[in-house]
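Note that my numbering numbers the sequence shown so that position 299 is 279, with each residue one more than the last.
For each residue, glycine too, the CB sits at the ideal point set by N, CA and C.
Bear in mind that the values here come from a model prediction, so they are computed numbers and not experimental data.
Worksheet: one structure, shown below.
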Amino acid sequence: MNIVQIPQENSDVIRSSFFVHWAAWPFLLAALLYGLPISGELPAQQQFTEQFVSKVGDDKTLVYIFVHGGLYLLAIVAILKYRSKALYVFMRQWPLVALTLLVGFSAFWSNSPWKACINFGHTVGVLMIALSAALSYRNEPALLVRFLGYALGLNVLLSMIAVLAIPQVSIELHGRWRGLTSNSNVLGQISFTAAWALGMTCLLKRYRKKFVLIVLLLLTVISLIGTQSKTALICTVLGLSVGYFMIRYSHMGSSKTLFSIFFFFMTLVFVLLLFFWGNAWEDLSPVGMNHLLGRSESYTGRTKLWTSAIQLITQKLWLGHGFDDTAGGTNSIRLLNSHNGFLDLAVRGGITAVLLFLIALWKVIRNIPNISAIQRNAWAIFFPYLLAFLAYNLTESTIMNPRNLSWTIFMFIAFIVEIQHLPLDNLGKL
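Listed below in structure tokens is the structure:
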């Protein structure tokens, strides 16, 4: 089995890699703090119902702005120091830059221009965080994934301590764990991402000491089960199983194109097996599939959101209603989260935003095998996450959501696959 060649496992190398690449600190700190009540206020216990309007998250505090503003500023300093490299990568991944600019321009036609401007600031900030991390660890992306696993594992550990210490706050009324986050789906997403980072680290390198990795991985699995998030659970199994097969059979010498076709096929087989699990053909009906996945016939109220999102898309087809976290005027429906990333993007940015995202996605899929030019087989780390990211957005909304960690990771992948196109004279260490 081929193995990604990253620095040897010893404390000196790991310590020096972490402290030398200071430009990646905003990325790792954002992961560590994601979902946690950094304002000091714990979320109030509430019963989730099949409501039409879904809350995005409570992040409108001065503490949140101060902390994340500091991370953005540190990332911007790193980008300015290596602006020629950053400009080259931005030019290669121009669709993401165009999407970011679209967020800012949407203030001219959105219902809440000031909110659109705030979101533009967040979007620029996480763009800088993702690029600074990609430039910093462009020669060893697998090592950054390991650090990401540690950061998210610690995040999960804090929520698990809360589940044991303050269950009246960290466990929802119907038994789903949410830890210190705002709801169980957020903790489920954190656990899924942590499981991917820790799992891929275990698969891609024969570490002499795996104890910490395995303990954190088991902890994330327990947390994932406690959240009862079916979407996060499916994405975890999808990402780790595809990653395992990519590593296990990478020695066969198949072309990159055939590899891509093979793993897309494996994904399709996996989904079909889920549908056939149970009463076979009977479970292929909408009701049967919903029961199989543990959802109600309306996907916990999501079908109402999807129908309303489609109606809003038809009202402003080309540029959408704006990136101000609302849709429609005071006399229209207010839609904060349609629980589908693709529909949500179309509501906010119209067909223009969807096309830009698809172009960016196509560039990532086309170039992701070439990441092996940086580290052999390193694309096996990121391709499984890309599949899981797309699957996750079928029932949740993280595309072009600057407050969501999965979007930051997607941008990091989009930038890291373009860095191998940097001219040779720009390939020195940062």
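Using a Cβ distance threshold of 8 Å, M380 and L107 do not count as a contacting pair. The DSSP-derived three-state label of W157 is strand. About 12 Å separates the CB atoms of V344 and L367; that is not less than 8 Å, and the two are not in contact. Per DSSP, the beta-bridge partners of I151 are W157. By the beta-carbon neighbour count (other beta carbons within 10 angstroms, threshold 16), H319 is buried.
Scanning L67, G159, L128, F46 for the CA closest to the CA of I205 turns up G159.
Counting along the chain, no alpha helix (DSSP H) covers R118, and no H or E run does either.
Cβ atoms of G168 and T200 stay farther apart than 8 Å, at about 10 Å. Judged by DSSP in its simplified three-state form, L297 adopts coil rather than helix or strand.
Counting only runs that start and end inside the region 363 to 402, the alpha helix (DSSP H) elements of at least 4 residues fall at 385 to 399. 8 Å or more divides the Cβ of A11 from the Cβ of L178. It is roughly 28 Å from the alpha-carbon of I109 to the alpha-carbon of V222.
In this structure, V125 lies away from N99, with their beta-carbon atoms at least 8 Å apart.
For Q169, the enclosing alpha helix (DSSP H) covers residues 164 to 184.
Between the C-alpha atoms of I396 and V195 there is a straight-line separation of about 29 Å. Of V166, A289, R228, the smallest CA-CA separation from T211 is found for V166.
Below 8 Å, enough C-beta pairs join the region 74 to 92 and the region 292 to 301 to call them touching: three or more.
The Cβ-Cβ distance between S203 and S171 falls below 8 Å.
Rounded to whole angstroms, the gap between the alpha carbons of L374 and L54 is 33 Å. The residue from D304, R63, G321 with its alpha-carbon nearest to that of L285 is G321.
S90 and K65 have their alpha carbons spaced roughly 34 Å apart. Here DSSP, grouped into helix, strand and coil, assigns K95 to helix.
Between I18 and S164, the alpha-carbon positions lie close to 17 Å from each other. In chain order, A358, I396 place their CB closer than 6 Å to the CB of P121, counting only its own chain and leaving out the 5 sequence neighbours on each side.
Membership of D305 in any alpha helix (DSSP H) is not indicated, and neither H nor E is assigned to it by DSSP. Taking the C-beta atoms as reference points, A78 is found nearer than 8 Å to L336.
By the CB criterion at 8 Å, P364 and M140 fall outside the cutoff. In the three-state scheme derived from DSSP, where H, G and I count as helix and E and B as strand, L335 is classed as helix.
Assigned with DSSP and collapsed to three states, A358 falls in coil, not helix or strand.
Counting C-beta atoms within 10 angstroms of its own C-beta, I59 has 16 or more neighbours from the protein chains shown and is therefore classed as buried.
With respect to A340, L81 sits apart: the two C-beta atoms are not nearer than 8 Å. Setting aside the 5 residues that flank it on each side, L220 is surrounded in the same chain by G179, each with a C-beta closer than 6 Å to its C-beta; the list follows chain order. Using a Cβ distance threshold of 8 Å, F303 and G329 count as a contacting pair. One alpha carbon belongs to A326, the other to K190, and they sit about 43 Å apart.
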